[in-house]
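Down below is the structure, laid out as structure tokens.
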Ligand SMILES: Nc1ncnc2c1ncn2[C@@H]1O[C@H](COP(=O)(O)OP(=O)(O)OP(=O)(O)O)[C@@H](O)[C@H]1O
Ligand SMILES: [Mg+2]
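Chains as they are written, first to last, in our numbering: chain A, 159 to 385; chain B, 251 to 658.
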């Protein structure tokens, strides 16, 4: 069996809201292994984005433990986590999160700027990533000058530019037409075939069908995991 | 990200908030400018005073001057001959560390030439006086040994005396004039001295003077008089203290223990010069400090506002792998870029102001361009940028990525 990359062990995430508490994630336990292509499926508000933020240790659990390569992340310093993100993880955010004052090229370059060992061929890699999502011809546009789908494609290019071992994508095709979506998903499939670990968040079973394993979430609980 | 790209990025941020950055930069600009200009004023004010001190003989000068006897010694005053050429001889012989010794006997005389009259001061001296009090000749020569021995009737004139006695283009050296009715030949002319404090030439006294050999003065113009002063100059500043003591001893011995003289240095004048200058600098530094504090507050305020607006950006950068230190240096670099730009512009404006005032105000009142002020102004703006940037940058670097990402 391939090595574990990330493991959740009884992870809960609660948000206190005045008198009540929102249980965004309840007792989640599962492992993601090297080379997995997992989709996380569930309706709106079920806790998918919360789960994805925890997977990239952008957030920490209220209770329970998360392990990265068998190390509890509670023991990893914030700077060390940032370095792991820069080197090994690519994020596609549901809200894209592009920097509005930078053009497409500079946005795509950001992960390389923080890479502990920036590659020598950085510029080529940026162009390559933009080519993969067919955004080369908009390299010097700002996010505000792009359509929603184009922004999403830039967000994907940015996630791919540091050639991460793990790709975490939150609704990466939500704003794309079905043909463009299919190209992106084919790209993910190809990347997975090359050995990358992919976690894909979606509410659409048709998209989840591209993955090799599905985790279903409902009201913060994992209701099905066909590992 | 290195410092250079950090500063470039900072300049981009400054450009993105033109008005806001401009106002903050204006604070730094005015701070640095007021600092450079005030320093310029202080330097300008003290420049002419300092020249006049230097031209009066500088720190190595030692002066023996007559002093009134105490009442207790009054009855014995006939015992002391006062300053004499023998005193000079003794000082020269016993104190080899003295670079120069010149006796001096002054007289108020009337100069006459072809119907022109001028009353002025004449000093009987030895050539050493030209070195001690820094006189340079523009024409002719100083006294020769023969002049000294022969008590020659030769005279060296300051430019003011020349102007009073001669027409514009008349030859001066070699001409004859009368000094208190006695014909004397002009052998040299002094350089013209000028250093203005407002419209007052602080070196005017150097132009109003005229010299004859001490022997001529002592034997022909003021027979039997005792000397007015004994001028000395040490070869090195470090010997001044010891030479003052030795000269006091030698003269005391020769004056048979009578306190009819004292030996002084330029110390006090120099000390009061230094004291006044220091207090002015204190004042200038106070003004500068306050303006830089104000600009520091301006920068910090701007940085805090900017960070508040960019919480989301910070979150995104952290999510993409930026460490706390990356974020910290990004914001410090931004603050430095801002204050550096303000500092450079401030120095530029200060140069304009100083040049403008220099043309408009009389010398002595006008500020001068002091190179040190630039260095200090420049350094200060960088330091202010760093200090004012540290706290906001620390706040930024501590933001939790998820809080920052969720910030709407
Ligand atoms: N910071 C927060 N404070 C309070 N409640 C929160 C916070 N973040 C998320 N929640 C709540 O947690 C639940 C899960 O949110 P999450 O964003 O994970 O949903 P999601 O499955 O990604 O939904 P969608 O498909 O619409 O993106 C929601 O009910 C949401 O209101
Ligand atoms: Mg979501």
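We treat Cβ as the ideally placed atom computed from N, Cα and C, and that holds for glycine. Bear in mind that the values here come from a model prediction, so they are computed numbers and not experimental data.
| query | Along chain B, which residues have their Cβ under 9 Å away from the Cβ of residue 315(A)? | reply | Simply none; closest approach about 13 Å.
| task | Starting from the beta carbon of residue 567(B), find every residue of chain A whose beta carbon is closer than 9 Å, and list them in chain order. | result | Within chain A, the residues near residue 567(B) are 257, 268, 271, 272.
| Can you name the residues that DSSP bridges to residue 405(B)? | Residue 405(B) pairs with 436(B).
| query | Got a sec: is the Cβ-Cβ distance from residue 263(A) to anything in chain B below 8 Å? | reply | No - not a single Cβ of chain B is within 8 Å of the one on residue 263(A).
| Distance, Cα to Cα, residue 444(B) vs residue 507(B)? | A straight-line Cα-Cα distance of about 43 Å links residue 444(B) and residue 507(B).
| Which chain B residues are close to residue 217(A), counting only those with a beta carbon under 7 Å from its beta carbon? | Neighbours of residue 217(A) on chain B, chain order: 652.
| query | Would DSSP call residue 350(B) helix, strand or coil? | reply | Here residue 350(B) sits in strand by DSSP.
| task | Return the residues of the stretch 572 to 596 of chain B that lie within a Cβ-Cβ distance of less than 8 Å from chain A, sorted by chain order. | result | The residues in question are 572, 573, 574, 575, 576.
| task | Tell me whether residue 659(B) counts as near ligand 1, meaning its Cβ is closer than 7 Å to at least one heavy atom of that ligand. | result | Any question about residue 659(B) goes unanswered here, given that chain B covers just 251 to 658.
| query | Thinking C-alpha only, which one of 345(A), 379(A), 326(A), 337(A) is nearest residue 356(A)? | reply | Closest option to residue 356(A), Cα to Cα, is 326(A).
| query | What residues in the stretch 212 to 239 of chain A have a beta carbon less than 8 Å from any beta carbon of chain B? | reply | Taking a C-beta cut-off of 8 Å against chain B, the contacting residues of the stretch 212 to 239 of chain A are 214, 216, 217, 236, 237, listed in chain order.
| message | Going by DSSP, what residue range makes up the alpha helix (DSSP H) through residue 536(B)? | response | Here the alpha helix (DSSP H) through residue 536(B) covers 517 to 559.
| query | Roughly how many angstroms lie between the CA atoms of residue 487(B) and residue 309(B), to the nearest whole one? | reply | Spanning the two alpha carbons is a distance of roughly 7 Å.
| said: Just to confirm the assignment, what range does the alpha helix (DSSP H) spanning residue 500(B) have? | reply: Per DSSP, residue 500(B) belongs to the alpha helix (DSSP H) from 490 to 504.
| request: Determine the direct distance from the alpha carbon of residue 568(B) to that of residue 543(B), and round the result to whole angstroms. | output: Spanning the two alpha carbons is a distance of roughly 32 Å.
| By the criterion of Cβ-Cβ separation under 7 Å, what are the contact partners of residue 172(A) in chain B? | Within chain B, no residue comes near residue 172(A); the closest Cβ sits about 14 Å away, beyond 7 Å.
| task | Could you tell me the distance, in whole angstroms, from the CA atom of residue 304(B) to the CA atom of residue 363(B)? | result | Counting only the Cα atoms, residue 363(B) lies some 34 Å from residue 304(B).
| Top-ranked residue by Cα proximity to residue 271(A), from 316(A), 361(A), 233(A) | For residue 271(A), the closest C-alpha among the options 316(A), 361(A), 233(A) is that of 316(A).
| Rounded straight-line distance, which links the Cα of residue 352(A) to that of residue 161(A) | Going by the C-alpha atoms only, they are around 16 Å apart.
| task | Would you check if there are 3 or more beta carbon pairs closer than 8 Å linking the stretch 487 to 496 of chain B to the stretch 410 to 424 of chain B? | result | No, they do not touch.
| query | Using a C-beta cutoff of 8 Å, does residue 244(A) count as contacting chain B? | reply | Yes - at least one Cβ of chain B is within 8 Å of the one on residue 244(A).
| query | Along the chain, where does the alpha helix (DSSP H) that runs through residue 641(B) open and close? | reply | 621 to 648 is the extent of the alpha helix (DSSP H) around residue 641(B).
| task | Identify whether residue 299(A) lies in helix, strand or coil by the three-state DSSP scheme. | result | DSSP places residue 299(A) in coil when its eight states are reduced to three.
| said: DSSP three-state label for residue 656(B), please. | reply: Helix, per DSSP.
| query | Within 7 Å: the Cβ of residue 252(A) and any heavy atom of ligand 1? | reply | With a threshold of 7 Å, the Cβ atom of residue 252(A) counts as near ligand 1, since some heavy atom of the ligand is closer than that.
| said: Below 7 Å, is the gap between the Cβ of residue 197(A) and the nearest heavy atom of ligand 3? | reply: Questions concerning ligand 3 fall outside what the structure shown contains, since the ligands it does hold are ligand 1 and ligand 2.
| Of all residues in the structure, which have a C-beta closer than 5 Å to any heavy atom of ligand 1, taken in chain order? | Checking every Cβ against the heavy atoms of ligand 1 under 5 Å gives 173(A), 180(A), 182(A), 202(A), 203(A), 204(A), 205(A), 206(A), 207(A), 208(A).
| Sub-8 Å separation of residue 309(A) and residue 346(A) beta-carbons | Contact flag unset, no.
| message | Taking 8 Å as the limit between beta carbons, can you name the residues of its chain near residue 389(B), skipping five residues before and five after? | response | Within the same chain, 422, 423, 438, 439 come within 8 Å of residue 389(B) by CB-CB distance, once the 5 residues on both sides are set aside.
| task | Identify, in the order they occur along the chain, each residue of the same chain with its Cβ nearer than 7 Å to the Cβ of residue 178(A), setting aside the five sequence neighbours on each side. | result | Once the five neighbours on either side are set aside, residue 178(A) has no close Cβ partner at all.
| field | residue 377(A) beta carbon near ligand 2 (any heavy atom closer than 7 Å) | value | With a cut-off of 7 Å, the C-beta of residue 377(A) is classified as distant from ligand 2, since no heavy atom of the ligand falls inside that distance.
| message | Going by C-alpha to C-alpha distance, which of 306(B), 273(B), 590(B), 570(B) sits closest to residue 282(B)? | response | It is 590(B) whose Cα lies nearest to the Cα of residue 282(B).
| message | What I want to know is whether the C-beta of residue 328(A) ends up closer than 7 Å to one or more non-hydrogen atoms of ligand 2. | response | The answer is yes for residue 328(A).
| Exposed or buried, which one is residue 326(B) when buried takes at least 16 other CB atoms within 10 Å? | So residue 326(B) counts as exposed.
| request: Assign residue 260(A) to one of three DSSP states: helix, strand, or coil. | output: Residue 260(A) falls in the coil class under three-state DSSP.
| Residues of chain B with CB under 7 Å from residue 188(A), in chain order? | For residue 188(A), none of the residues of chain B pass the 7 Å Cβ criterion, the least Cβ distance being about 21 Å.
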